[in-house]
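To start, the structure itself, in structure tokens.
This is the structure in structure tokens:
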């Protein structure tokens, strides 16, 4: 059975009129439902953390259109841990997170360096029931690699952090391979790098962060930090890719500093955002995998043909 999916350009045109926004935050109710019973005593040399063992597939965050689970179980447990001291707002409304969640097992570095799909680690597994965009809110570290997989193949994303570090993998020169309809299919190794290396400055890109990427109905998306764990407070889902994500930091004098991570879905100063991709000359009926490589009709998995994504089984 083949599942035909909308192209990115058609998706934006079709959904821009009636946008839908959903927030899946780690509320107190969600935290109480996840972290139940006695904490795990196996701490893996991290006795300062109180961890709970969660079975693979535990629902961490959920909205009407998206379910997020942990992909793998972690014998050493998951911990409750906060984000940076920011009040996150989505389109001017409170995000509502009271804490974050972090696993104990690092994501493997090969996920970023070679694109190898991980077999363990703290990995957030998203399955949407409709096409749209995901914004994953987490506590960023400048020396981590962040990787997003669609159906176990790396895809580009937008990254924006509290200290001003921001980039769009779909707009970096030479960073994307596209088909004739402008569908982005890959970001190369060098572009999925540590924030401090991309920004060229130690510590750049740290703090509360958002990672944004496009999603399609019933496909699986996995997000992780390599070489370390990923502290995540939840996600936002919308159908037009135009949500505004801001951070508010209260000062001792009562004033509030506001940092804009994404404005109308784009990095401030980059109005095209995730849609800014290069196009290539169309080749009718040629199949490509999500790595931008030509494949034949015997290939199994997600392919792009004539500007549309589909699953070959």
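Numbering (the numbering used here), first residue to last: 1 to 313.
Using N, Cα and C, we set each Cβ at its ideal position, and we do this for glycine too.
#1: Take the Cβ of residue 33 as the centre, count every other Cβ of all protein chains shown within 10 Å, and call the residue buried at 16 or more, exposed below.
#2: So, helix, strand or coil for residue 151, using DSSP?
#3: Can you say whether residue 163 is buried or exposed, counting buried as having 16 or more other CB atoms within 10 angstroms of its CB?
#4: Taking DSSP's pairing of strands, which residues face residue 250 in a bridge?
#5: By how many angstroms is the C-alpha of residue 121 removed from the C-alpha of residue 31?
#6: Suppose you measure from the CA of residue 129 to the CA of residue 101; what does that come to, to the nearest Å?
#7: Under 8 angstroms, do residue 150 and residue 301 count as touching if we go by C-beta distance?
#8: With 16 other CB atoms within 10 Å as the buried threshold, where does residue 119 fall?
#9: Which partner residues of residue 94 appear in the DSSP bridge assignment?
#10: Which residue marks the beginning of the beta strand (DSSP E) containing residue 160, and which one marks its end?
#11: Below 8 angstroms, can you find three or more Cβ-Cβ pairs linking the region 136-146 to the region 78-88?
#12: Can you tell me which of 124, 154, 148 puts its alpha carbon nearest to the alpha carbon of residue 57?
#13: Pairing CB atoms from the region 216-235 with CB atoms from the region 96-114, are three or more of them under 8 angstroms?
#14: Where DSSP assigns a beta bridge to residue 81, which residues make up the other side?
#15: For a quick check, are the C-beta atoms of residue 39 and residue 27 less than 8 angstroms apart?
#16: Relative to the C-alpha of residue 98, which candidate in 116, 219, 220, 232 has its C-alpha closest?
#17: Could you spell out the range, first to last residue, of the beta strand (DSSP E) harbouring residue 22?
#18: Which residues in the same chain as residue 64 place their Cβ atom closer than 7 angstroms to its Cβ, once the five residues preceding and following it in sequence are excluded?
#19: Count the other CB atoms within 10 Å of the CB of residue 282; is the residue buried (16 or more) or exposed (fewer)?
#20: Quick check: the Cα distance between residue 77 and residue 35, rounded to an integer number of angstroms?
#21: Once the 5 residues before and after residue 103 are set aside, which same chain residues still bring their CB inside 6 angstroms of it?
#22: Specify the secondary structure class of residue 69 as computed by DSSP and reduced to three states.
Once the coordinates are examined:
#1: As a position in the chain shown, residue 33 is number 33, starting the count at 1. Burial is judged here by how many other beta carbons sit within 10 angstroms of a residue's own beta carbon; residue 33 has fewer than 16 and is exposed.
#2: Walking along the chain shown from the start, residue 151 turns up at place 151. In this structure, residue 151 counts as coil in the three-state DSSP scheme.
#3: Within the chain shown, numbered from 1, the residue matching residue 163 stands at position 163. Around the beta carbon of residue 163, 16 or more other beta carbons lie within 10 angstroms, which makes this residue buried.
#4: Start at 1 with the first residue of the chain shown, and residue 250 comes out as number 250. DSSP, once it has assigned bridges, lists 256 as partnering residue 250.
#5: Counting from 1 along the chain shown, the entry for residue 31 is found at position 31. Counting from 1 along the chain shown, the entry for residue 121 is found at position 121. If you take the alpha carbons of residue 31 and residue 121, they lie about 20 angstroms apart.
#6: Mapped onto the chain shown, residue 129 falls at position 129. Mapped onto the chain shown, residue 101 falls at position 101. C-alpha separation (whole angstroms): 24 angstroms.
#7: Counting from one through the chain shown, the residue named residue 150 turns up at place 150. Counting from one through the chain shown, the residue named residue 301 turns up at place 301. Note that the C-beta distance between residue 150 and residue 301 is not below 8 angstroms.
#8: As a first step, residue 119 must be located in the chain shown, where it is residue number 119. Residue 119 comes out exposed.
#9: Start at 1 with the first residue of the chain shown, and residue 94 comes out as number 94. DSSP lists 89 as partners of residue 94.
#10: Within the chain shown, residue 160 is the residue found at index 160, counting from 1. Per DSSP, residue 160 belongs to the beta strand (DSSP E) from 158-161.
#11: A contact exists between the region 136-146 and the region 78-88.
#12: One-based indexing of the chain shown puts residue 57 at position 57. Put simply, of 124, 154, 148 the residue whose alpha carbon is nearest the alpha carbon of residue 57 is 124.
#13: The answer is yes - the region 96-114 touches the region 216-235, with three or more Cβ pairs under 8 angstroms.
#14: The residue you call residue 81 lines up with position 81 of the chain shown. Residue 81 is bridged by DSSP to 100.
#15: By 1-based counting over the chain shown, the position of residue 39 is 39. By 1-based counting over the chain shown, the position of residue 27 is 27. Contact: no.
#16: Counting from one through the chain shown, the residue named residue 98 turns up at place 98. Checked all of 116, 219, 220, 232; the closest Cα to residue 98 is 232.
#17: Position 22 of the chain shown, counted from the first residue, corresponds to residue 22. DSSP places residue 22 in the uninterrupted beta strand (DSSP E) bounded by 21-25.
#18: Translated into the one-based positions of the chain shown, residue 64 becomes position 64. A distance below 7 angstroms between beta-carbons, with the five flanking residues on each side excluded, links residue 64 to the following residues of its chain, in chain order: 22.
#19: By one-based count along the chain shown, residue 282 stands at place 282. In this predicted model, residue 282 has a pLDDT of only 36, less than 50, meaning its place in the structure is not dependable; the value taken from the coordinates is given anyway. Around the beta-carbon of residue 282, fewer than 16 other beta-carbon atoms lie within 10 Å, marking it exposed.
#20: Within the chain shown, residue 77 is the residue found at index 77, counting from 1. Within the chain shown, residue 35 is the residue found at index 35, counting from 1. If you take the alpha carbons of residue 77 and residue 35, they lie about 10 angstroms apart.
#21: What you label residue 103 is simply residue 103 of the chain shown in a count that begins at 1. These residues qualify, in order along the chain: 74, 78, 122, 229.
#22: Indexing the chain shown from 1 puts residue 69 at position 69. Residue 69 sits in a strand when the DSSP states are folded into three classes.
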